[in-house]
Amino acid sequence: MSTASLQLDAHGRMKHFLCIEGLNRQLLTEILDTAESFTGVTEQTVKKVPLLRGKTIVNLFFEASTRTRTTFELAAKRLSADVLNINITQSSTVKGETLLDTLRNLEAMHVDMFVVRHNDSGAAHFIASHVAPHVSVINAGDGRHSHPTQALLDVFTIRRTKGPDFGRLRVAIVGDILHSRVARSQIHALNLLNTGDIRIVAPRTLVPAHAESLGVHVYHDLEAGIEGADVIIMLRLQRERMQGALLPSEHEYYELFGVTEEKLAVARPDVTIMHPGPINRGVEMDSEVADGSRSVILEQVTHGIAVRMAVMSMAMHHHKKSKA
Amino acid sequence: MSTASLQLDAHGRMKHFLCIEGLNRQLLTEILDTAESFTGVTEQTVKKVPLLRGKTIVNLFFEASTRTRTTFELAAKRLSADVLNINITQSSTVKGETLLDTLRNLEAMHVDMFVVRHNDSGAAHFIASHVAPHVSVINAGDGRHSHPTQALLDVFTIRRTKGPDFGRLRVAIVGDILHSRVARSQIHALNLLNTGDIRIVAPRTLVPAHAESLGVHVYHDLEAGIEGADVIIMLRLQRERMQGALLPSEHEYYELFGVTEEKLAVARPDVTIMHPGPINRGVEMDSEVADGSRSVILEQVTHGIAVRMAVMSMAMHHHKKSKA
Amino acid sequence: MSTASLQLDAHGRMKHFLCIEGLNRQLLTEILDTAESFTGVTEQTVKKVPLLRGKTIVNLFFEASTRTRTTFELAAKRLSADVLNINITQSSTVKGETLLDTLRNLEAMHVDMFVVRHNDSGAAHFIASHVAPHVSVINAGDGRHSHPTQALLDVFTIRRTKGPDFGRLRVAIVGDILHSRVARSQIHALNLLNTGDIRIVAPRTLVPAHAESLGVHVYHDLEAGIEGADVIIMLRLQRERMQGALLPSEHEYYELFGVTEEKLAVARPDVTIMHPGPINRGVEMDSEVADGSRSVILEQVTHGIAVRMAVMSMAMHHHKKSKA
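Residue numbers (our numbering), protein chains in the order written: chain D, 9 to 332; chain G, 9 to 332; chain S, 9 to 332.
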C-alpha cells in the first residue's frame, strides 16, 4: 500500500500522519493553518480546548525521548485527551509479547491514537498498516526515515517568519544529512511548498548518495552553502558518529561547519537561524548565534505544540466525521 | 476477620474487592450488570463519565505489570478520577519506610482507593484490613492467591458470549493450575455462577493437591478434558517454571497441551476460546486458534476495562452513600 | 538580586516560592490562611477546584523523591492543573543539553510553573533568577539549603494544634541540624512567627557553627532540650551520615536522642510530636511516640497538600492579576 493511500482516506483526508511524502500541498497548508489557530490556545490563560475530551492517546515509545514525548503529551493534554505513556522497551516485550499482540490489546481497550517513536525505519508505517480502523497513528520519529512533525514545525516557523511565499526563499540545511530523519522530512516539506532553493551543506561522508535526486543543491563548504541564505537550519550532531570515523573531531567540525556570527556575514542580513534542539553549543553553532536576535530556535519549540495539536485533532476529527 | 466481612459492609455492599470467595451470586451478578452498562461508555466518542471526578486512585504496584496497570489507569481515567502511579519497588522502601507507614501517608493525603499488585499472596487482604475507613482496596493480583478482576472479566465475557445460564455450560481451564492466581479466581467465579461442569486440564505436576475439593473435574489428557467443552480457557505458561523441572520443554508442552484447530474437533463446534494474555503463540495454542473466529481473547481485554470501571465505581459509590 | 526581591513582585506579592527568608510575617500568615481554606477541599467528596485549569505545572526533579513529588502532583491535580513529571537525571542531560537550554525549551512550551527538587543548594534560586517572566518557581528542596513547603506545613500544623500565638510556645527541633534543609527552613519560619523559644537539640558534631546566630538555643542533651517543650520536631536521621563518623551507631543515637514516652515526661503534658517523615522507627523515636495520641505526624502529611495548593495558587494568581 502506498504511503499516500495509507495516510489519507478515500476523501483525501488525514487518517494517519506518517511522513511528509504522502501529503499534498493543500493538505500540508491545511495543517499549517490549523496549527496557526492553535497558537492562540497555548498563549491564553486557560491553555485547553475540549476537542479531544474522552479520547485516549497512547505514547508508544520504543526509543526513549523525554523531549519529544513531552511535546506530544502536552499537545494531547491541551486538547483535553487522556494520555497513557507506554515505554515498550521496559514493559510487555519483557513477557515476550509480540508487537502485534501489544497493538491488538491496546486497540481492544478502545484507545484512539498511537504516537509512535521507534529506532527502526518504517516502524510507524508498519503499525499504521496493521492497526484497527478506529485508530490513528502519528509518527514521532522512526529510525533514519522520517520525523514529520519536526519538519512541519520547521516549515510552520519559516512561514511565520518569512511569509507564505516559499518560492523566493533560499534554505540551507547544515549537518549530518546522511543519518538525519529530520533532514529527510524537511527536504520533502520544503519541496512540497515549492521552496526556491534548497541546499544541503555537509562533509562528503555525511551526504547521502544521489542527494541531488531529492531536489537539493549539495555543498561541502559552509560559506558557499549559506551564501545569500534566507534560512539556515542546523542539524544536531550525533556524537556517536565520531567513533565511526565518519566525522572529524568536534573541534574540527566546528572549525569547518560550525556557524558563527562572522561566517553568517555571507548570508542575508535577515537570515533566520533554526535548529531542532537540543543544541551542542560550540559544535553546530556558537552561543552568540543560538541566542542571537535572528535565532527562532525557541519559537520552533513553541510551534511544535501547536503543530502537534493540529495533526492530532485533524487525524481524530476525520474519524468523528466519517462515523457520523 | 473473614474475607466476606472484609470485602462487604454491614449492608452487604462492596467496600473492598479482594477475591471472588467473599462475594455472593447476587453481588457478582450486580457487578456484571454494572460492567454491562459501562461497555457503552468505552464505545462512544467521548469515553468518559464524571462518576469519580475529584477522587484520587493510587496504583500501588509492588510487582511491575504495565499491562494490568494500564487497564486500571484507563478505567480510572474514564471514570474521571485522578490517578497516581506508585511503584513501590522503586520508591519509598528505598528510604526504609515500612509498608504501613507508606499506607498511612497516602491515606493522610486523602486518597480514595488503592489498586494493589503484589507478589505475596494475601497482600491485598493485609492492606485492606489495615487501611483507613475512607479508603477502598482493589486486588490487582496477589502472589498465587487471587486475581479477581481477571476472573470477573472472564465470566463477563462468557456471559456475553454464551448467555446468562452457566448451568448448562462445560468450561475447561487448561494449563498451570498449580501456580495460577487466575485459575483459582476463575474456579471460584464459575462455581458461584453454578457452572454445570468445570474442568481443569494440566500435567500431574501442575495440579494442586485435592483439586477436586474446589468443585472441579481433573483431567491430565487434553482431548479428554476439552471434549464437549463450551468454553476453553488457556492459562499463560510461565517459562520460569520449566527450570524447576515441573514442566517439560515448551515443545513437549505444546505437543501435549497446546490447543490446535485439529484438537478442537472434540470440543463443541461453537466452543469459545479464551486466554488472559499475553499469549505464548505456539506454546499454549496455535496462532490459528488464537486469531480464529471462536477466539474472544481481545473481547476479554475490552471487557476488562468495563469490569474494572464497575468494581471501582461500586466500591466508591458505597462510600458516598454511607457518608450521606 | 536579594531573595526577597526574587520571590516577591514590586507589590510585595508572591511570584516564586524559594525559601522562608524572603517572606515577611504578613505574607507567611496569608499563605497559612489560604492553606486553611484548602483543607476543606481535600476533605469533601469532589476534591477538586478549577483554580488552575489549563495551567501546566512541571515537576522538575533532579533528585528522586517519590514522596515529595506525589504531594506536589496531588496538590496540582486538585487545583485542576495539568502536570508533567520530568526526571532530569534520566532525560535531557543524557543528550548533553544544559540546564538553561532545558528551561528555555520548557518555557517555550508555555508551561506556567516549575516545582524544582535538586541536591545543590541554591538550585531553585538559580532557576528562578533565569526563568521567563511568565513562569513561577517553587522550591521542593535544594541541597542543604531550604525546604520551605515542609517548614510551612510544619508551622501550619503547629498553628492548628496550638493556636496562632507562637510567642508563648517552646519548640524543640531534635536531630541532625547541620545537614538539614528542613531544620533551616523551620527555624526561619518559627522566627518569623515570633516563636517564644526555639531550641535545637543535637550531638555536637551535628550542630552548625554559630548556631545561636540563627536565634535558637542549642542543647546537646535531649532531656534538657525538650524540658517544658510545647512542640518537639524530630528530624529524619540520614543513615549515610554514620559512615562519616559524624554519628554514633543507630543504637547509640537512639539511646541518647531517640524520643520515648519515658523521656517525654519532662516535656509539657500536651506536647505535640512532629516529624517530616519517613520515620526511622526505633531510631529517632519509639513507635509508641510516633503513633501516640500526641503525634500529629500524619496531620502534617495532610496539611502538606493544602499548603502546597496554597503556594501554587498564590504564585499563579499573582500572574493572573498582574496581566489583567
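Just so you know, even glycine gets a beta-carbon here, dropped at the ideal spot from N, CA and C. All figures in this text were calculated on a predicted structure; none of them were measured in a lab.
For S:R125, the secondary structure class from DSSP, reduced to helix, strand or coil, is strand.
The CB of S:R21 never comes closer than 7 Å to any CB in chain D; the least such distance is about 17 Å. Per DSSP, G:F69 is one residue of the beta strand (DSSP E) stretching across 64–69.
If only complete runs of 4 or more residues are kept, the stretch 121–198 of chain G shows the alpha helix (DSSP H) at 131–136, 156–170, in order along the chain. DSSP, reduced to helix, strand and coil, places D:S295 within a helical segment of the structure shown. Shown here, S:H259 sits in a helix according to DSSP, grouped into three states.
Residue pairing by DSSP places S:T280 opposite S:V239 in a beta bridge.
Residue burial annotation: D:E270 is exposed, with fewer than 16 other C-beta atoms found within 10 angstroms of its C-beta. Around the beta carbon of S:E51, a 10 Å sphere encloses fewer than 16 other beta carbons of the protein chains shown; the residue is thus reported as exposed.
Between S:I208 and the set S:R33, S:L230, S:L245, the nearest pair of CA atoms involves S:L230.
One Cα belongs to S:L186, the other to S:N95, and the distance between them is close to 28 Å. The C-beta distance from S:G62 to D:V91 rounds to 16 Å, too long to meet the 8 Å contact threshold. Taking the CA atoms as reference points, G:K85 sits about 38 Å from D:A191.
Distance between D:M324 and D:K23, taken at the CA atoms: about 8 Å. Straight-line spacing of the CA atoms in G:I241 and D:D120 works out to 29 Å. Interface annotation for the stretch 80–91 of chain S against chain D: D90, criterion Cβ-Cβ distance under 8 Å. D:R77 is classed as buried because its beta carbon has at least 16 other beta carbons within 10 Å across all chains shown.
In this structure, D:S193 sits away from D:H218, with a CB-CB distance that is not shorter than 8 Å. For G:H19, the three-state secondary structure derived from DSSP is coil.
Counted as a single uninterrupted DSSP element, the stretch harbouring S:H225 is not any alpha helix (DSSP H) but the beta strand (DSSP E) occupying residues 225–227. Secondary structure at G:I206: strand, using DSSP grouped into helix, strand and coil.
Counting C-beta pairs closer than 8 Å gives fewer than three between the stretch 170–188 of chain S and the stretch 58–75 of chain S, which falls short of the contact rule. Put simply, of D:L222, D:L114, D:H283, D:R276 the residue whose alpha carbon is nearest the alpha carbon of D:V145 is D:L114.
Shown here, G:I94 sits in a strand according to DSSP, grouped into three states.
Contact annotation, S:H228 with S:P256: C-beta distance approximately 13 Å; criterion of less than 8 Å not satisfied.
Counting the other Cβ atoms within 10 Å of the Cβ of S:N67 gives 16 or more, which makes it buried. For S:I313, the enclosing alpha helix (DSSP H) has its first and last residue at 305–331. The C-beta of D:A116 comes closer than 8 Å to at least one C-beta of chain G. Interface flag for D:I287 against chain S is set, since a Cβ pair is found closer than 8 Å. Within the stretch 314–327 of chain S, contact with chain G at the beta-carbon level (separation under 7 Å) is assigned to no residue. For D:R302, DSSP records no beta bridge to any residue. D:P286 is classed as buried because its beta carbon has at least 16 other beta carbons within 10 Å across all chains shown. It is roughly 26 Å from the alpha-carbon of S:L161 to the alpha-carbon of G:A89. Here G:H126 is buried. Its C-beta has 16 or more other C-beta atoms within 10 Å. The CB of G:E51 comes closer than 9 Å to the CB of H118 in chain D, given here in chain order. Chain order gives the chain D residues near G:L306 as R112, N113, E115, A116, where near means a beta carbon separation below 8 Å.
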